[in-house]
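Using full-length UniProt numbering, read the sequence shown as starting at 1 and increasing by one per residue.
All residues carry an ideal CB built from backbone N, CA and C; glycine is no exception.
Treat the numbers as computed from the prediction; the structure is a model and nothing was measured.
Quick notes on the structure that follows.
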Amino acid sequence: MESFVLAGGCFWCLDAVYRTLRGVHDVVSGYTGGSLPNPSYELVCTGATGHAEAVRVDFDPDVIPREVILDVFFTLHDPTQLNRQGADVGTQYRSAMFFEGEAQRELFEQARERAADWWPGEIVTTIEPLGEFYRAEEYHQDFFAKNPGQGYCLAVALPKVNKIRRSYTDYIVA
């Protein structure tokens with residue numbers, strides 16, 4: 001089992017997408033990249049903590065390749081938007097990959113280079129060392145499945161889930 005920690009806008013979207021993939025065993029929404037210990041959602045939303053909304057994706061690389069996990073990341077959000085995703089604005093919504101060790105950093109750099117061929121404009125995704133990862137409040141875990149009729153889920157998360165379902169059909173859970 002391996003884990004990647006990725007941030008690309010609201011963690012509800014990343015969580016929803018990665019849960020649809022075969023070989024993904026767990027997705028945990030949380031906060032990382034800042035300096036405040038044990039931040040709350042309310043504090044992270046202010047943008048003052050330095051933390052990003054992120055997900056830890058635990059997956060089996062024998063079932064779903066590392067490169068697919070990372071290519072999905074660059075497909076499901078716009079990595080050319082600095083400190084925002086659509087209407088979600090602030091450093092807490094930045095595009096970032098948090099690495100553990102040199103091998104992960106290299107994988108992340110290779111994925112960012114691949115994505116540069118897909119996106120017009122400059123990729124602004126940062127690659128940062130993983131510090132402490134703080135699990136978000138329980139109501140954020142698997143938010144999309146628990147709140148399928150919620151406005152944000154319908155308007156923002158569902159189109160991302162559907163895009164990944166169309167683009168990565170070989171890896172979608174039946």
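For a test of the three-state rule: what should DSSP assign to residue i, helix, strand or coil?
i: Asp-117; result: coil
i: Pro-129; result: strand
i: Gly-151; result: helix
i: Ser-35; result: coil
i: Gln-84; result: With the sequence shown as reference, residue 84 is identified as Arg, and Gln is not the correct amino acid for it. Residue state, collapsed to three classes: strand.
i: Asp-60; result: coil
i: Val-55; result: strand
Going by the beta-carbon positions, is the gap between residue i and residue j smaller than 9 Å?
i: Leu-21; j: Val-55; result: no
i: Asp-62; j: Cys-10; result: no
i: Phe-133; j: Val-24; result: no
i: Thr-125; j: Ser-167; result: no
i: Gly-50; j: Phe-98; result: no
i: Val-5; j: Glu-102; result: no
i: Asp-71; j: Arg-114; result: yes
i: Gly-30; j: Pro-79; result: no
i: Cys-153; j: Asn-147; result: yes
Measuring alpha carbon to alpha carbon, tell me which residue in the options is nearest residue i.
i: Thr-169; options: Glu-2, Ala-7, Phe-4 and Val-17; result: Val-17
i: Arg-66; options: Ala-136, Phe-108, Tyr-93 and Trp-119; result: Phe-108
i: Leu-14; options: Thr-75, Glu-42, Thr-91 and Ala-48; result: Thr-75
i: Glu-128; options: Thr-32, Ala-48 and Ser-3; result: Thr-32
i: residue 182; options: Leu-43, Asp-58, Pro-37 and Ala-48; result: Given a span of 1 to 174 for the chain in the structure shown, any question on residue 182 remains unanswerable.
Need the endpoints of the alpha helix (DSSP H) that residue i sits in, please.
i: Ser-167; result: 158 to 167
i: Ala-16; result: 11 to 18
Assuming residue i contacts residue j under a Cβ cut-off of 8 Å, what Cβ separation, rounded to an integer in Å, is found between them?
i: Trp-12; j: Ala-157; result: 6 Å
i: Tyr-93; j: Glu-137; result: Contact flag wrong, Cβ pair sits at about 17 Å.
What residue does the beta strand (DSSP E) around residue i start on, and which one ends it?
i: Glu-2; result: 2 to 8
State yes or no: is the beta carbon of residue i nearer than 9 Å to at least one beta carbon in chain B?
i: Ala-16; result: Protein chains in the displayed structure number just one, and chain B is not present.
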